[in-house]
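Peer 1: One structure is given below, represented as structure tokens, and several questions about it will come after.
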Amino acid sequence: MRVTRRVRRHLVLPLAAVLLAGLCAAAPRNTVTLRAVFLGDSYTAGHGIAPLDDPALLCLRARENVPAVVVDQLADRAVEVTVQADVSCAGAAIDHVWLPQDLGGGLSAEPQKKALRKDTQLVVGSLGLHTLGFGRVLKQCSARLRGHEGAMLPGAPLDARSPAGECRAYLEDGPGAAWLAERFTDAAEDLEKLFSDIDSESPEARVVLVGYPRWVPADPAACRAAVPDGTETPFADLPADALPFLDRAVQAPLNALMRNTAHAHGAHFVDLYAETGGATACAGRERRLGALLEESRVTLFHHAVPWLLHPTEDGRDHLGDLVADAVAGLHGR
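Laid out in structure tokens, this is it:
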């Protein structure tokens, strides 16, 4: 069971103040009740965190994922959340809100918007990274991910004939540049449809769109060292010049697109990219993200699942706290 860490302050008060406080009963706060649906991809589902929710095994949805943390945190603020559904699923792109998601082996997940109801009051989730081709970009930059170690990432490299070590040139000035620009166009269009579909299915719902944590620090030199107590470096065999490119040309503009679209639709945006601070994948013991090919807590079909730059338990708690802050703020808590 997850234990929420809290800071407890011990104050020594004069006896008179203690007696006075005992005479003044605190006025109870009225409880706010909310019916919520959680949408999203692996960053909502809790990729890498054990144990998994058995019915959602192929979605790699953890029992103690971000929605579970959010519900727990809001309960402490007199906000009672009834989860109508958590349909977050690893690998989900934005269009899996209205299209089935192929899970392999002839199995699929229903369109996520089927979980939305007319009486849903809150919709929360992270979507966008897979629409942008998260897996394909990383595989273009990593020879290891092009092999069996990349089996958990959807998609193939853009061009397997182009060396992984030359991926920045390929994506910035080569054929990959036009492809990446098209992905941003797709993401912009799909985000618009996402908000339109939510408004149609759950017209009274308030929406909280959650961004992604920042992977690469401003100074990527810190990414050369192995993770604490491990042998993997945060970005495995990705070339050093690809790291600032991923930050500048992939993560930062996606974050801005998500933020601007959310605000244009009157939704709240949790800017996790900005809130990551120094706790990137390269922050040593201060990090809140697992390394690209570092073994996570999850074993699937007798193989350890790599973290793939997803939040660890500390990162999940940080993300859950930020989402809870946003929801509580919407209701004056």
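Sequential numbering from 846 applies to the sequence shown in the numbering used here. We put the beta carbon where it would ideally sit given N, CA and C, even for glycine. Keep in mind it's a predicted model, so treat the numbers as computed, not measured.
State buried or exposed for P1179, treating a residue as buried only when at least 16 other CB atoms are found within 10 Å of its CB.
Peer 2: Nothing about residue 1179 can be read from this structure; the chain reaches only from 846 to 1178.
Peer 1: Does the beta-carbon distance from V1053 to A1171 come in below 7 Å?
Peer 2: Within the sequence shown, numbered from 1, the residue matching residue 1053 stands at position 208. Within the sequence shown, numbered from 1, the residue matching residue 1171 stands at position 326. Taking 7 Å as the Cβ cut-off, V1053 and A1171 qualify as a contacting pair.
Peer 1: Within a Cβ cutoff of 7 Å, which residues of the same chain sit near P1002, ignoring the five residues on either side of it in sequence?
Peer 2: Looking up residue 1002 in the sequence shown gives position 157. R981, K984, Q985 and R991.
Peer 1: Expressed to the nearest angstrom, what Euclidean distance is found between the alpha-carbon atoms of T1157 and Y1057?
Peer 2: As a working note, residue 1157 is residue 312 in the sequence shown. As a working note, residue 1057 is residue 212 in the sequence shown. Going by the C-alpha atoms only, they are around 13 Å apart.
Peer 1: With D1182 as the anchor, note down where its alpha helix (DSSP H) starts and where it stops.
Peer 2: There is simply no residue 1182 to check, as the chain begins at 846 and stops at 1178 in what is shown.
Peer 1: Would you call E1139 buried or exposed, if buried means 16 or more other Cβ atoms sit within 10 Å of its Cβ?
Peer 2: Locating residue 1139 in the sequence shown gives position 294, counting from the first residue. Flag for E1139 reads buried.
Peer 1: Report buried or exposed for E1049, applying the criterion of at least 16 other Cβ atoms within 10 angstroms of its Cβ.
Peer 2: Here the question's residue 1049 lines up with position 204 in the sequence shown. Exposed.
Peer 1: Give the single residue among V1055, G951 and T876 whose Cα lies nearest to the Cα of N1100.
Peer 2: Numbered from 1 along the sequence shown, position 255 holds the residue referred to as residue 1100. The candidate whose alpha carbon is nearest that of N1100 is V1055.
Peer 1: Enumerate in chain order the residues of its own chain whose CB-to-CB distance from P945 is below 8 Å, with the five nearest sequence positions on each side excluded.
Peer 2: Looking up residue 945 in the sequence shown gives position 100. If we look at P945 and ignore the five residues flanking it on each side, its Cβ neighbours are S953, A954, E955 and P956.
Peer 1: Along the chain, where does the beta strand (DSSP E) that runs through D947 open and close?
Peer 2: Start at 1 with the first residue of the sequence shown, and residue 947 comes out as number 102. From DSSP, the beta strand (DSSP E) with D947 extends over Q946 to G949.
Peer 1: Would you mind working out which of S1041, V926, H1110 and G1135 sits nearest A1173, comparing C-alpha positions?
Peer 2: Translated into the one-based positions of the sequence shown, residue 1173 becomes position 328. Ranking S1041, V926, H1110 and G1135 by Cα distance to A1173 puts V926 first.
Peer 1: Should V942 and L1039 be called a contact, given that it needs their Cβ atoms to be closer than 7 Å?
Peer 2: Numbered from its first residue, the sequence shown carries residue 942 at position 97. Numbered from its first residue, the sequence shown carries residue 1039 at position 194. Going by C-beta atoms, V942 is nearer than 7 Å to L1039.
Peer 1: Determine the extent of the beta strand (DSSP E) in which A881 is found, giving its start and end residues.
Peer 2: The count along the sequence shown starts at 1 and reaches residue 881 at position 36. Where A881 is concerned, the enclosing beta strand (DSSP E) stretches over V877 to G885.
Peer 1: In whole angstroms, what separates the C-alpha of L1091 from that of A1112?
Peer 2: Locating residue 1091 in the sequence shown gives position 246, counting from the first residue. Locating residue 1112 in the sequence shown gives position 267, counting from the first residue. Rounded to whole angstroms, L1091 to A1112 spans 27 Å at the Cα level.
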